[in-house]
Amino acid sequence: MKKCIPLICTLLVLFACNETPEKPRDRTAKAAENSRDTTINAGNSYSDLFLSEGAVEQFIAQQHLNDTIANDLNNFYNSRNLQFAWFTSDGLNQQALSFRTLHDFTDTSSSGGVLDRSLDRLMGNDSLNIRSSDARVIKTELMMTWRFINYLWEKFPNKSEREYALRNLVPSKKQDVIAMAQATLKGSDDKIVTNDWYPSLQKHLKTYLELAKDTNWTRLPYPSKGNKKQDTTILLVKRRFIEMDWLSRKDTSSTSTPDFEAAVKKYQLEHALKADGKVTRGLIDQLNISPTSRLKQILVNLERMKWMPAISREKLILVNIPEFMLHVINGRDSLLSMPVVVGKQGHNTVMFYGSLNHVVFAPYWNLPPSIVEAEVLPQINQNEDYLAEHNMEITGEEDGLPVVRQLPGEKNELGQVKFLFPNSFNIYFHDTPHKDLFKQAKRAYSHGCIRLGEPEKLAKLLLADNEKWTDEKIDSAMNAEKETWVKVSKPVPVLIYYYTARVDDEGKILWRDDIYGRDKEMARRLFTSENNLPPQTIASRK
Numbered sequence: 040m041k042k043c044i045p046l047i048c049t050l051l052v053l054f055a056c057n058e059t060p061e062k063p064r065d066r067t068a069k070a071a072e073n074s075r076d077t078t079i080n081a082g083n084s085y086s087d088l089f090l091s092e093g094a095v096e097q098f099i100a101q102q103h104l105n106d107t108i109a110n111d112l113n114n115f116y117n118s119r120n121l122q123f124a125w126f127t128s129d130g131l132n133q134q135a136l137s138f139r140t141l142h143d144f145t146d147t148s149s150s151g152g153v154l155d156r157s158l159d160r161l162m163g164n165d166s167l168n169i170r171s172s173d174a175r176v177i178k179t180e181l182m183m184t185w186r187f188i189n190y191l192w193e194k195f196p197n198k199s200e201r202e203y204a205l206r207n208l209v210p211s212k213k214q215d216v217i218a219m220a221q222a223t224l225k226g227s228d229d230k231i232v233t234n235d236w237y238p239s240l241q242k243h244l245k246t247y248l249e250l251a252k253d254t255n256w257t258r259l260p261y262p263s264k265g266n267k268k269q270d271t272t273i274l275l276v277k278r279r280f281i282e283m284d285w286l287s288r289k290d291t292s293s294t295s296t297p298d299f300e301a302a303v304k305k306y307q308l309e310h311a312l313k314a315d316g317k318v319t320r321g322l323i324d325q326l327n328i329s330p331t332s333r334l335k336q337i338l339v340n341l342e343r344m345k346w347m348p349a350i351s352r353e354k355l356i357l358v359n360i361p362e363f364m365l366h367v368i369n370g371r372d373s374l375l376s377m378p379v380v381v382g383k384q385g386h387n388t389v390m391f392y393g394s395l396n397h398v399v400f401a402p403y404w405n406l407p408p409s410i411v412e413a414e415v416l417p418q419i420n421q422n423e424d425y426l427a428e429h430n431m432e433i434t435g436e437e438d439g440l441p442v443v444r445q446l447p448g449e450k451n452e453l454g455q456v457k458f459l460f461p462n463s464f465n466i467y468f469h470d471t472p473h474k475d476l477f478k479q480a481k482r483a484y485s486h487g488c489i490r491l492g493e494p495e496k497l498a499k500l501l502l503a504d505n506e507k508w509t510d511e512k513i514d515s516a517m518n519a520e521k522e523t524w525v526k527v528s529k530p531v532p533v534l535i536y537y538y539t540a541r542v543d544d545e546g547k548i549l550w551r552d553d554i555y556g557r558d559k560e561m562a563r564r565l566f567t568s569e570n571n572l573p574p575q576t577i578a579s580r581k
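Counting in this note's numbering, the sequence shown runs from 40 upward without gaps.
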């Protein structure tokens with residue numbers, strides 16, 4: 040994305056007047072302030088930005104905060120030695136994105152204000168250069184913490200739990216990976232986690248902690264060519280599977296057996312590989328990821344899962360970006376799952392919460408100005424018939440660029456249907472004419488929106504309670520030449536998130552590639568050592 044140099048100027052205008060993130064609570068019980076944790080410094084801190092002396096007190100005075108909120112604010116930053124909680128020099132950190140999603144999911148009443156508009160602008164730009172001396176960034180940081188404190192007061196009425204969350208939900212200091220895993224196993228964070236995803240993944244820590252301590256771990260060689268049924272590498276894979284409790288200790292031959300092939304297929308499915316039961320180079324690459332790297336991957340995802348909201352007994356749409364999958368659930372019941380295509384590198388799909396409220400059949404595609412400028416105009420200059428050949432038309436002009444839309448039809452890039460959940464990033468679900476993409480294991484090809492493998496199934500599920508929209512009428516509307524909007528009677532929450540390790544319904548970990556490099560970024564800030572994480576795989580196809 041382009042660097043947003045005017046962004047900071049925009050923030051200055053937005054923050055010209057004082058506006059609270061939500062109505063201040065009238066709490067006046069003053070408690071003793073904690074002393075500063077001076078063991079935190081620029082060499083071991085999670086963030087590389089620090090507030091100046093007096094910045095917190097100045098904010099408290101400007102916002103006229105009551106004693107209780109002021110005390111929490113001071114204690115929060117004292118425990119961090121004035122380290123920023125929500126920013127690094129690269130922009131908003133992953134805790135900021137996760138808290139934004141959690142807050143929107145649990146409390147929509149305060150969204151849409153100054154702070155939310157500022158966060159939208161920041162989230163839409165991944166090439167920022169943040170300076171700790173910028174007054175507008177400081178204001179956003181402290182406003183975010185004020186919102187965080189108010190959230191904790193509502194979420195944790197128990198004082199000890201609330202104070203623990205205030206100190207520990209946002210990382211402040213790098214740790215040794217083994218020490219962090221051991222501390223996590225003690226379950227101290229369990230009291231502040233409200234979802235089932237965290238404990239299900241936490242259960243696997245012990246296995247990988249023991250494997251990480253094993254100094255005899257070695258890399259496996261690639262198999263000989265020809266997919267032989269008997270190979271030395273097969274024996275080595277069996278030994279690795281036995282170490283990981285994937286295979287019985289009785290199977291120690293160098294011959295591929297039905298039980299071994301079944302274990303390989305299951306392993307391949309969990310690692311997004313072609314499930315053919317063969318010992319391939321891709322299988323060896325996954326098995327050669329060190330236990331320490333896997334341990335880090337689990338801990339990074341547990342950090343994200345601390346912010347996952349509790350799943351209610353209502354219909355919910357979940358999209359896990361690295362998994363390339365959409366799931367519709369109702370509590371613990373799975374209603375629908377399908378493959379998706381997400382944003383390619385440089386057009387990353389954003390993590391956020393939305394509410395799906397409209398289905399649009401035979402949609403127009405209103406091309407974003409960025410695509411018009413970068414892709415359509417150069418094509419028009421080379422081929423005057425480009426618009427007609429692609430069933431497009433110009434409907435006007437805006438900011439010196441033509442306004443272009445693509446008509447409904449088989450060439451339409453949105454396919455036969457799209458699903459809207461209003462947001463600031465212009466992201467939605469839609470069909471696609473490029474069905475071949477769903478045959479790929481790694482599906483990061485879009486400009487940021489999410490393409491669905493089976494959109495008609497989602498449309499029928501969402502409109503099942505609308506007797507006017509039978510399956511036959513839905514099929515007809517999808518193949519029509521006229522756009523039709525249908526309001527969903529009960530909007531469905533949508534959570535878009537980023538987990539490269541999570542546990543499935545059978546209790547097994549699903550490992551996925553770090554397609555946007557977010558694991559690597561968080562690990563660099565969480566851990567003192569630089570053990571490699573699983574390699575990053577990026578799909579480059581347009």
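By construction, the Cβ of each residue, glycine as well, lies at the ideal position given by its N, Cα and C atoms. Predicted model, so just to flag it, every value in this text is computed and none were measured.
What separation, rounded to the nearest whole angstrom, lies between the Cα atoms of S227 and Q221? 11 Å
Along the chain, where does the alpha helix (DSSP H) that runs through H142 open and close? 133-145
Is the CB-CB distance between S211 and Y403 below 8 Å? no
How should W125 be labelled, buried or exposed, when 16 other C-beta atoms within 10 angstroms of its C-beta is the threshold for buried? buried
Beta-carbon separation of M390 and Y190 under 8 Å? no
Taking the Cβ atom as the reference point for each residue, do L338 and V216 lie within a distance shorter than 8 Å? yes
Drop a sphere of 10 angstroms on the beta-carbon of N255, count the other beta-carbons inside from all chains shown, and report buried for 16 or more, exposed for fewer. exposed
Beta-bridge pairing of G382 - partner residues as DSSP gives them: S485
Report the partner residues of S394 according to the DSSP bridge assignment. P532
For a test of the three-state rule: what should DSSP assign to I466, helix, strand or coil? coil
Ordered along the chain, which non-local residues of its own chain (more than five positions away) have a Cβ less than 6 Å from that of Q584? No answer is possible for residue 584: it lies beyond the span of the chain, which begins at 40 and ends at 581.
With W550 as the anchor, note down where its beta strand (DSSP E) starts and where it stops. 548-550
Limits of the unbroken alpha helix (DSSP H) element including V95: 94-102
Take every Cβ of the segment 457-471, pair it with every Cβ of the segment 485-494, and state whether three or more of those distances are shorter than 8 Å. yes
N- and C-terminal bounds of the alpha helix (DSSP H) containing F477: Looking at the DSSP string, F477 is not in any alpha helix (DSSP H), and its letter there is neither H nor E.
Per-residue DSSP class, three states only, for Q6: Residue 6 is absent from the model: the chain starts at 40 and stops at 581.
If I'm right that V533 touches Y392 with Cβ under 8 Å, what's the distance once you round it to whole angstroms? 7 Å
Proximity winner among T145, W524, L565, A516, relative to L341 (alpha-carbon distances): L565
Limits of the alpha helix (DSSP H) - the one that L334 falls within: 330-344
Between the beta-carbon of M364 and the beta-carbon of P378, is there less than 8 Å? yes
Classify Y261: buried if its beta carbon has 16 or more other beta carbons within 10 angstroms, exposed otherwise. exposed
Measuring alpha carbon to alpha carbon, tell me which residue in T331, K507, T539 is nearest K643. Beyond the ends of the chain as shown, which are 40 and 581, falls residue 643; an answer cannot be given.
Return yes when the Cβ of F460 is within less than 8 Å of the Cβ of S528, no when it is not. no
Range covered by the alpha helix (DSSP H) that runs through G435: Here G435 belongs to no alpha helix (DSSP H); instead the beta strand (DSSP E) covers 431-437.
Assign A314 to one of three DSSP states: helix, strand, or coil. coil
Which residues mark the beginning and the end of the beta strand (DSSP E) in which L500 is found? That residue, L500, is in no beta strand (DSSP E); its alpha helix (DSSP H) goes 494-501.
Among the residues of its own chain, which have a CB less than 8 Å from the CB of E522, if the five just before and after it don't count? V399, F400, A401, P402, Y403, P447
Leaving out the 5 sequence neighbours to the left and right, which residues in its chain are closer than 7 Å to K277 when beta-carbon positions are compared? L286, D290, T291, F299
When DSSP labels each residue in this structure, what does M377 get in the three-state scheme? strand
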